[in-house]
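Taken in sequence, the protein lines are chains F and D. Residue numbers for the first sequence follow the working numbering, beginning at 441 and rising by one. Residue numbers for the second sequence follow the working numbering, beginning at 316 and rising by one. We put the CB at the ideal spot given by N, CA and C, even for glycine. Treat the numbers as computed from the prediction; the structure is a model and nothing was measured.
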Amino acid sequence: MNVLELDALAVDLLVEGRLSRVIHEVTLNVAESQAVGLVGESGAGKSMTSRAVMRLLPAGAVIHGDIRFWGRSVLAMDTGQLRAFRLRDAAMIFQDPRAHINPVRTIGDFLTEALLERGESRHRADAIVSGLLSAVGITDAARRMRQYPHELSGGLLQRVMIAAALAIEPKLLLADEPTTALDVTTQSDVMVNLGTQRRERRLAMLFITHDLELAAAVCDRIAVMYAGYLVEDSPAASLHAEALHPYTAGLLASRPSPSARSRRLAAIPGRPLSAFEAGDGCVFASRCPFAVDRCRAERPMLREFASGRVACHRVEEIRGRLSAVASGTAAYE
Amino acid sequence: MSATAAPVLAPPPAAGARRGRRRSTLLRDPVAVAAGLFILGLVAVAVLAPWIAPYSPSAGSILSGNEGISSAHWLGTDSFGRDLLSRLIFGARLSLLGPALIIAISTLVGATLAIAAAWIGGWPDQVVSRVADILFAFPGLIFAMIAVSMFGAGLIAPVIALSISYTPYLMRVVRAAAIQQRALPYVSACYVEGLPAWKICLRHLLPNVAPILLVQATLSFGYALVDLAAISYLGLGVQPPAAEWGLMVSEGQSSILAGHPQESLAAGVMIILTVVAFNLLGDRLASRQGMELA
Chain F
441 MNVLELDALA
451 VDLLVEGRLS
461 RVIHEVTLNV
471 AESQAVGLVG
481 ESGAGKSMTS
491 RAVMRLLPAG
501 AVIHGDIRFW
511 GRSVLAMDTG
521 QLRAFRLRDA
531 AMIFQDPRAH
541 INPVRTIGDF
551 LTEALLERGE
561 SRHRADAIVS
571 GLLSAVGITD
581 AARRMRQYPH
591 ELSGGLLQRV
601 MIAAALAIEP
611 KLLLADEPTT
621 ALDVTTQSDV
631 MVNLGTQRRE
641 RRLAMLFITH
651 DLELAAAVCD
661 RIAVMYAGYL
671 VEDSPAASLH
681 AEALHPYTAG
691 LLASRPSPSA
701 RSRRLAAIPG
711 RPLSAFEAGD
721 GCVFASRCPF
731 AVDRCRAERP
741 MLREFASGRV
751 ACHRVEEIRG
761 RLSAVASGTA
771 AYE
Chain D
316 MSATAAPVLA
326 PPPAAGARRG
336 RRRSTLLRDP
346 VAVAAGLFIL
356 GLVAVAVLAP
366 WIAPYSPSAG
376 SILSGNEGIS
386 SAHWLGTDSF
396 GRDLLSRLIF
406 GARLSLLGPA
416 LIIAISTLVG
426 ATLAIAAAWI
436 GGWPDQVVSR
446 VADILFAFPG
456 LIFAMIAVSM
466 FGAGLIAPVI
476 ALSISYTPYL
486 MRVVRAAAIQ
496 QRALPYVSAC
506 YVEGLPAWKI
516 CLRHLLPNVA
526 PILLVQATLS
536 FGYALVDLAA
546 ISYLGLGVQP
556 PAAEWGLMVS
566 EGQSSILAGH
576 PQESLAAGVM
586 IILTVVAFNL
596 LGDRLASRQG
606 MELA
């Protein structure tokens, strides 16, 4: 059974007094102990998708479709059930730990708060938390718990945030760019740690990032979003070998490669579309080198193809050419 | 923020960020230390009055009235022959108790309303803010006089009236700070943790607005003390023979013309020193917070 099911999820946000759709019909499942990467550019709707799961959307937002946790609709929960869901079932790791931890309370207060809220004794909560701190690679747990957030580095603070997320023993972890605010060496430490903890606890994870490489390294499956649409959903292993959507191929082509020294960094031409700018056709048509008239007139549906799912009319025809694009041997334009 | 004497917020104080440093710089600030020690000393004197006052505040013979400074009566006596120093010492009790009650009530009510209004937003916030606007339009003294005319003179009526008129000042400042805090990401992180709203307010918002609350309460204490003294001076507050500074200024008035200014002078100086101490302390606390007093 799937831990998380997004069923034709669509989100409308209030933009200048009007409802604008920022997420379109996203259907995605995360199975037990599976990690799914949600990849896309800024504004593609990745974070909004994860916030929708937690029902943490700005005032006036309207959610269509359904979000299910172990088959239970998150959208139908009342306040008390929602609180229990957040307190026990799902945890979120935010991008910027310094902003998401109350500056005037100690690390220990922050970590034990949810446990105390669940009725654990102070003594037991402290024991659980100091165990977790060493699990995420923080030595000297007792001292750290007495410190304030400003006394810790960004990397340490992000580990604290991960420990806080694990403390409630959730079934589902939503990681919203957990390493983006960290420098590269710290980033890999934190990711390795998060990966280990996740596998040990058989957690389902929705990992949000704009870094396709990173997602491919830590996730079982990758879902690619563009302008509020899910354009591809493939096993992480096959994504590298064969991207199904021209956008994914473009993303793969635009990563810097140490082997191709003199080559100019490839970029996808044009600018990313906002979710509510899309016309009738495929959202990627204006930047896609393979676009034909049909792409501009008719929106492709997400459909099963090969080992994954893709939203592209021409995937059968261009299949061979895409891998050349992705590996950088063929020009993108 | 149009309120008189309302601290204007500079960038949101990252409260804990300089916790350790802030405490030590405040202790290294001679003005803040002096003001703080003066206030602490005053509180000690008020509490210990029966043990340190040389005479009873109400005992005296009219035959020894309006005496000058002597070794028996360090500050002389009033027109009823009561020892002025003892009356000043006992007067500290009522003179500090009144403002303390006012600040306690208006801080409790103001902060509660402010955080609730900031949290809930929408029309409840509008209602609370507009009621505060209306209260701003009433001078506290007039309000207190109305209360006295309805409920009689004494300590209680003016204290309740001034508590009501000081609440909007506390409320406005705390509400502005709470609205800022509310929008910060750590609050949504609390949501995601599954904390109920009242716990987020009490454990997270309140500690983050507490420094601002402290500044406003300290400053208001001085103003409340002056207001209460004025009410006593007008004869609407505590009644003779009680010892209270505002009352002493008023009682000593008739002796001034007779060439014995010591009673009004001594009580007036105590009022001024106390208010200045609270203002200076509030001001220094505010500058620790990066606040500027408008």
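Coil, strand or helix - residue i by DSSP
i: GLY505/F; result: strand
i: VAL765/F; result: helix
i: TYR588/F; result: coil
i: PRO498/F; result: coil
i: TYR370/D; result: coil
i: ARG458/F; result: strand
i: ARG336/D; result: Note that ARG336/D scores a pLDDT of 49, beneath 50, so its modelled location is shaky; the value from the coordinates is reported in the next line. It is helical.
i: PRO555/D; result: coil
i: ARG512/F; result: strand
i: GLU472/F; result: coil
i: THR649/F; result: strand
i: HIS680/F; result: helix
i: SER569/D; result: helix
i: ASN594/D; result: helix
i: PRO326/D; result: Reliability of the predicted coordinates at PRO326/D is poor, the pLDDT of 44 falling under 50, and the value obtained from them is presented with this limitation in mind. Looking at PRO326/D - three-state DSSP - the assignment turns out to be coil, as it is neither helix nor strand.
Close beta carbons around residue i, own chain, < 6 Å, minus the five adjacent residues each side
i: VAL621/D; result: With chain D represented from 316 up to 609, any question about residue 621/D goes unanswered, as that position is not in the structure.
i: ALA433/D; result: ARG490, ALA493, ILE494 and ARG497
i: PHE724/F; result: TYR666 and TYR687
i: ALA731/F; result: ALA725
i: TYR669/F; result: HIS464 and VAL723
i: ILE586/D; result: ALA544 and TRP560
i: VAL474/D; result: GLY413, LEU416 and ILE417
i: LEU612/F; result: VAL443, LEU444, ALA530 and ALA644
i: LEU454/F; result: GLY500
i: ALA532/D; result: ILE418 and THR422
When the options are compared against residue i, the one with the closest alpha-carbon
i: MET532/F; options: ALA575/F, GLY500/F and ALA604/F; result: ALA604/F
i: LEU614/F; options: LEU485/D, GLU508/D and LEU517/D; result: GLU508/D
i: ASP580/F; options: MET601/F, HIS590/F, PRO537/F and GLY548/F; result: GLY548/F
i: GLY469/D; options: LEU357/D, ALA557/D and ALA581/D; result: ALA557/D
i: ILE608/F; options: ALA706/F, ARG523/F and ALA499/F; result: ARG523/F
i: LEU549/D; options: ALA539/D, GLY537/D, TYR538/D and VAL564/D; result: VAL564/D
i: ASN381/D; options: VAL463/D, PRO576/D, ARG518/D and ALA592/D; result: PRO576/D
i: ARG397/D; options: ALA592/D, ASP598/D, PRO555/D and LEU588/D; result: PRO555/D
i: SER379/D; options: SER394/D, SER386/D and SER373/D; result: SER394/D
i: SER593/F; options: PRO610/F, LEU612/F, ALA621/F and ASP616/F; result: ALA621/F
i: ALA766/F; options: SER694/F, ALA676/F and ARG661/F; result: SER694/F
i: SER490/F; options: GLU591/F, GLN587/F and LEU646/F; result: LEU646/F
i: ILE377/D; options: ARG518/D, ILE461/D and THR392/D; result: THR392/D
C-alpha distance - residue i paired with residue j, whole-angstrom precision
i: SER410/D; j: ALA512/D; result: 39 Å
i: LEU400/D; j: TRP389/D; result: 7 Å
i: LEU478/F; j: ARG727/F; result: 21 Å
i: SER569/D; j: ALA364/D; result: 27 Å
i: LEU713/F; j: VAL462/F; result: 11 Å
i: VAL446/D; j: THR427/D; result: 15 Å
i: ILE352/D; j: PHE593/D; result: Here residue 352/D is Leu; the residue named in the question, Ile, does not match the sequence. Roughly 11 Å between the two C-alpha positions.
i: VAL463/D; j: VAL584/D; result: 27 Å
i: THR467/F; j: ALA448/F; result: 5 Å
i: ARG639/F; j: ARG661/F; result: 15 Å
i: PHE458/D; j: PHE536/D; result: 18 Å
i: GLU566/D; j: GLY574/D; result: 14 Å
i: VAL664/F; j: SER574/F; result: 34 Å
i: ARG558/F; j: LEU527/F; result: 7 Å
i: ILE384/D; j: MET486/D; result: 46 Å
i: SER317/D; j: GLY597/D; result: With a pLDDT of 39 at SER317/D, under the threshold of 50, the modelled position of this residue cannot be trusted; read the value that follows with caution. Approximately 19 Å between the Cα atoms of the pair.
i: LEU355/D; j: THR619/F; result: 50 Å
i: LEU534/D; j: LEU528/D; result: 10 Å
i: SER480/D; j: GLY467/D; result: 18 Å
Cutoff 8 Å; reference residue i; Cβ partners in own chain excluding five residues on either side
i: LEU515/F; result: ARG495, ILE503, ASP506 and ILE507
i: ASP448/D; result: PRO483
Any non-hydrogen atom of the ligand FAD within 7 Å of residue i CB
i: LEU449/F; result: This structure lacks the ligand FAD, and indeed carries no ligand of any kind.
Own chain residues within Cβ distance below 7 Å of residue i, not counting five before or after
i: GLY511/F; result: MET441
i: LEU357/D; result: ALA407, LEU411 and THR589
i: ALA450/F; result: ARG461, ILE463, HIS464, GLU465, HIS504 and GLY505
i: VAL553/D; result: LEU409, GLY469, LEU470, SER547, GLU559 and LEU562
Taking one C-beta from the region 627 to 635 of chain F and one from the region 551 to 561 of chain F each time, how about it: are there three or more such pairs within less than 8 Å?
Short answer: they don't touch.
Given 8 Å, three or more beta-carbon pairs between the region 674 to 688 of chain F and the region 750 to 761 of chain F:
Judged by Cβ distances under 8 Å, the region 674 to 688 of chain F makes contact with the region 750 to 761 of chain F, as three or more pairs qualify.
Contact between the region 536 to 545 of chain F and the region 483 to 501 of chain F (3+ Cβ pairs under 8 Å):
No contact exists between the region 536 to 545 of chain F and the region 483 to 501 of chain F.
Taking contact to mean 3 or more Cβ pairs, one atom from each stretch, closer than 8 Å, check whether the region 613 to 629 of chain F and the region 648 to 664 of chain F are in contact.
In short, these stretches touch, since the Cβ pair count reaches three.
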